[in-house]
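*Asks:* Its first residue numbered -5, the sequence shown is counted upward by one per residue in our numbering.
For every residue, glycine included, the Cβ atom is placed at its ideal position computed from N, Cα and C.
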Amino acid sequence: MTQVDKNAFTMAGNSITDITTYFIGSVLSGGGGGPNGAGGTATQWADMVDNFQSSALQTRLGIPLIYGADAVHGHNNVYGATLFPHNIGLGAMHDPALITQIEQVTRDEALGTGVRWTFAPCMCTPQDIRWGRTYEGYSEVPSDNATDGAAAIVGFQGPNGTLGPTNILATAKHFIGDGHTTWGTGSPYLNEGDAQISEQQLDAIDLPPYQSAVSNKVGSVMISYSSWNGLKDHANQYLITTKLKGTGTDSYGTPNLGFQGFVVSDWQAINQISSNYNYDVRTAINAGIDMIMVPDDYKTFISTLDTEIKAGNIPMSRIDDAVTRILTAKFALGLFTQPYTDRSYTPNVGSAAHRAVARQAERESLVLLKNNGVLPLSKTGSYTLVVGGDHANNLGYQLGGWSISWQGGSGATTIGTTLWQAIQQAGLSSSVKLNFVGTQTKGHYSGDVGIVAVGETPYAEGNGDTNTLALSSTDATEVSDVCSRVKKCIVLSFSGRPIIINTQLNQSSAFVSAWIGSTEGEGITDVLFGDYGFQGKLTFTWPNAVTQEPCNQNNGCTGALFPYGYGITPF
-5 MTQVDKNAFT
5 MAGNSITDIT
15 TYFIGSVLSG
25 GGGGPNGAGG
35 TATQWADMVD
45 NFQSSALQTR
55 LGIPLIYGAD
65 AVHGHNNVYG
75 ATLFPHNIGL
85 GAMHDPALIT
95 QIEQVTRDEA
105 LGTGVRWTFA
115 PCMCTPQDIR
125 WGRTYEGYSE
135 VPSDNATDGA
145 AAIVGFQGPN
155 GTLGPTNILA
165 TAKHFIGDGH
175 TTWGTGSPYL
185 NEGDAQISEQ
195 QLDAIDLPPY
205 QSAVSNKVGS
215 VMISYSSWNG
225 LKDHANQYLI
235 TTKLKGTGTD
245 SYGTPNLGFQ
255 GFVVSDWQAI
265 NQISSNYNYD
275 VRTAINAGID
285 MIMVPDDYKT
295 FISTLDTEIK
305 AGNIPMSRID
315 DAVTRILTAK
325 FALGLFTQPY
335 TDRSYTPNVG
345 SAAHRAVARQ
355 AERESLVLLK
365 NNGVLPLSKT
375 GSYTLVVGGD
385 HANNLGYQLG
395 GWSISWQGGS
405 GATTIGTTLW
415 QAIQQAGLSS
425 SVKLNFVGTQ
435 TKGHYSGDVG
445 IVAVGETPYA
455 EGNGDTNTLA
465 LSSTDATEVS
475 DVCSRVKKCI
485 VLSFSGRPII
495 INTQLNQSSA
505 FVSAWIGSTE
515 GEGITDVLFG
525 DYGFQGKLTF
535 TWPNAVTQEP
545 CNQNNGCTGA
555 LFPYGYGITP
565 F
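Written out as structure tokens, the structure reads:
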């Protein structure tokens, strides 16, 4: 019932042998939690996980641990892994079959590192794009999330929850309402806030993806940091034991989900229930949480849990139920017969075949918002192409958050192809003259066509909460500089949500929304140079101004810059 972050075993007074001593059931890598800090190769990961597993198997019963990680857009903590567009981009593809294929790649790369449990997919339905986790959702529309999330679960676990040694456990998260919180109730604005909505609204907007996940036999569900009408989800027995695990219907006739897998807390989330840790532990367990992501002070948690059980505050029937659910998943995964990494998968992490799938996903996810006769570009014409912007040759910016490290980074953080590198490799004839200006956009240059790539700098979770949705002044200047020096200007925006682009839209001849997340910049040039047509359609309403938020299909918002479903296809 205890999940520990792998770094906890290196803290003062702790040791990896504590896995044996304290019967630790699960270890995880948090964001950036590689073998020696952020990153690490697949082989290094496999060695690390197997070392932890060896300690677990030395317990009296030899119960294997299950190792978890946030493989949320590919196996994104591993250096050299194949990374895909974040879920907002996958939603724009409108291609559930490709989502299943994507998560099969992620599954295989996770298997090659010993990670048998991913904390994905996110089944949230973001209702306010000012939220810093918007890009973790496929869509503002519940049915989209239900369809795409189910496709992801099948990719991870196999059809009908097959599991076995060739699949990994999926997690539907974060139950429930994390994308539906009220502005000003979170940290700093929306994240981990309070969903101040009725049960009918919860049933209509937030519940359908979980109905789909449970129908597709998702193996685990993670509880949200958020609250529902003032009560922390981690303390809400009605939500977890009745609505998620229970049978029958609620008072509005909506069926409870009858979930048979196990429920895990989020990172140190039970500590937010109150200022009394004993109360937090018994409340969370009695609410129906089966495994606690501690993640560091596991000795205190285990001691407190033992105290609360002995005091009669947590019934043994609740403990038995939790342990049964967890062991059932471990047996279903084949961990008792094959606890160590299957090294036959390890060489395929980041393989050409896997990257081809990511390249396809990247090109299908692109949404063309404007095109005044400039796209597609010719590979053989005679013209000068100017390329600039701070996202044009910065892989870390192209990837965004949850990429090698939790918050993401800048520069060559892993193996991948930037937009500029992809342009150089696009097979252009010598008659196309390339001029890369990067961020030095104020120089004396001119051109026939310009491509300027800008967007959001990487962020994750609450660090992405914003009350502006604006491009930085630097990015705005780069767009103005390049577009004023060329005859036709193409703007690409790498972002995790719609952003306010009215000025840049007017300055451009063509505007492309290129969502963050992918290592495969060639997917962009495939479309820019006409090898493939644009296919992406918005799954989020694109506002005219930040003051319109929340603005979505579910609240009757009008006057948006681009509606849900917009996207120019084909050329």
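Could you tell me if L55 is buried or exposed, where buried requires 16 or more neighbouring beta carbons within 10 angstroms of its beta carbon?
*Replies:* Result: exposed.
*Asks:* Do Q498 and V480 have their beta-carbon atoms positioned less than 7 Å apart in this structure?
*Replies:* Result no, Cβ atoms of V480 and Q498 do not sit closer than 7 Å.
*Asks:* Using the beta-carbon count (16 or more within 10 Å), is D197 buried or exposed?
*Replies:* D197 comes out buried.
*Asks:* Identify whether D(-1) lies in helix, strand or coil by the three-state DSSP scheme.
*Replies:* DSSP places D(-1) in strand when its eight states are reduced to three.
*Asks:* Ignore the nearest five residues each way along the sequence and tell me which others in S221's own chain have a CB closer than 6 Å to its CB.
*Replies:* D188, listed in sequence order.
*Asks:* By the DSSP assignment, the beta strand (DSSP E) with A63 in it spans what residues?
*Replies:* Note, A63: beta strand (DSSP E), I60 to A63.
*Asks:* Classify F78 as helix, strand or coil using the three-state DSSP reduction.
*Replies:* Coil.
*Asks:* Taking buried to mean at least 16 other C-beta atoms within 10 Å of its own C-beta, is Q419 buried or exposed?
*Replies:* Under this definition Q419 is an exposed residue.
*Asks:* Looking at C-alpha atoms only, which residue of I417, S404 and D336 is the closest neighbour of N161?
*Replies:* Per the Cα distances, D336.
*Asks:* For G517, report the span of its alpha helix (DSSP H) as first-last.
*Replies:* Residues E516 to L522.
*Asks:* Going by C-alpha to C-alpha distance, which of N546, S181 and F253 sits closest to G240?
*Replies:* Per the Cα distances, F253.
*Asks:* Distance check for D122 and T235, CA to CA, integer angstroms please.
*Replies:* When rounded, the distance between both Cα atoms is 28 Å.
*Asks:* What span of residues does the beta strand (DSSP E) with L362 cover, start to end?
*Replies:* Residues V361 to N365.
*Asks:* Which residues bound the alpha helix (DSSP H) around A145?
*Replies:* Start and end: P136 to Q151.
*Asks:* When you compare the CB positions of Y204 and D260, do they come within less than 7 Å of one another, or not?
*Replies:* No, the pair does not count as a contact, with Cβ atoms beyond the cut-off.
*Asks:* Decide if T460 is buried, meaning its Cβ has at least 16 other Cβ atoms within 10 Å, or exposed.
*Replies:* T460 comes out buried.
*Asks:* Below 7 Å between beta carbons: does that hold for G344 and A75?
*Replies:* In contact: G344 and A75 (Cβ atoms closer than 7 Å).
*Asks:* Mind pulling the alpha helix (DSSP H) runs of 4 or more residues that sit fully within the region 291 to 350?
*Replies:* Listed in chain order, they are 292 to 304 and 310 to 326.
*Asks:* Between which two residues does the alpha helix (DSSP H) carrying F430 extend?
*Replies:* That residue, F430, is in no alpha helix (DSSP H); its beta strand (DSSP E) goes V426 to G432.
*Asks:* For H438, does the count of other Cβ atoms within 10 angstroms reach 16, so buried, or fall short, so exposed?
*Replies:* Per the 10 Å Cβ criterion, exposed.
*Asks:* Where does W222 fall in DSSP's three states?
*Replies:* Strand, per DSSP.
*Asks:* Skipping 5 residues on each side, what residues in its chain have a beta carbon closer than 6 Å to that of V135?
*Replies:* Answer for V135: Q547, listed in chain order.
*Asks:* Mind checking whether G149 and Q194 have CB atoms under 7 Å apart?
*Replies:* Not in contact: G149 and Q194 (Cβ atoms no closer than 7 Å).
*Asks:* Let me make sure I understand the geometry here. Which of I283, H228, I267 and L233 has the alpha-carbon closest to that of G255?
*Replies:* Comparing Cα-Cα distances from G255 to each of I283, H228, I267 and L233, the minimum goes to I283.
*Asks:* Comparing C-alpha positions only, which one of A2, H385 and I60 sits nearest to G328?
*Replies:* The shortest Cα separation from G328 among A2, H385 and I60 belongs to I60.
*Asks:* With which residues is K482 paired in a DSSP beta bridge?
*Replies:* Answer is V443.
*Asks:* Look up S466 in the DSSP assignment and give the residues it is bridged to.
*Replies:* In the DSSP output, where bridge partners are listed per residue, S466 has none listed.
*Asks:* Could you check whether I495 and A508 sit closer than 7 Å to each other, using their CB atoms as the reference points?
*Replies:* No, the Cβ-Cβ distance between A508 and I495 is not below 7 Å.
*Asks:* Should the region 377 to 397 be called in touch with the region 107 to 118, which here means at least 3 C-beta pairs below 8 Å?
*Replies:* No: the two stretches stay apart, fewer than three of their Cβ pairs being nearer than 8 Å.
*Asks:* Would you call the CB atoms of A164 and Q151 closer than 7 Å?
*Replies:* Contact: yes.
*Asks:* Quick test of your reading: I96 and L84, contact by CB under 8 Å. State the CB separation rounded to the nearest angstrom.
*Replies:* Rounded, the Cβ-Cβ distance is 7 Å, consistent with contact.
*Asks:* What distance in whole Å lies between the Cβ atoms of D200 and G171, which are believed to be in contact at a cut-off of 8 Å?
*Replies:* Indeed they touch by this definition, with Cβ atoms about 5 Å apart.
*Asks:* Can you pull the DSSP bridge partners for S397?
*Replies:* Per DSSP, S399.
*Asks:* Entirely within the region 178 to 257 and at least 3 residues each: give me those beta strand (DSSP E) ranges in chain order.
*Replies:* Listed in chain order, the complete beta strand (DSSP E) runs (minimum 3 residues) inside the region 178 to 257 are 214 to 217.
*Asks:* How far does the beta strand (DSSP E) with A40 in it extend, from its first residue to its last?
*Replies:* Run containing A40: none in the beta strand (DSSP E); it sits in the alpha helix (DSSP H), A36 to A50.
*Asks:* What's the gap between the Cα of M285 and the Cα of K226?
*Replies:* Roughly 17 Å between the two C-alpha positions.
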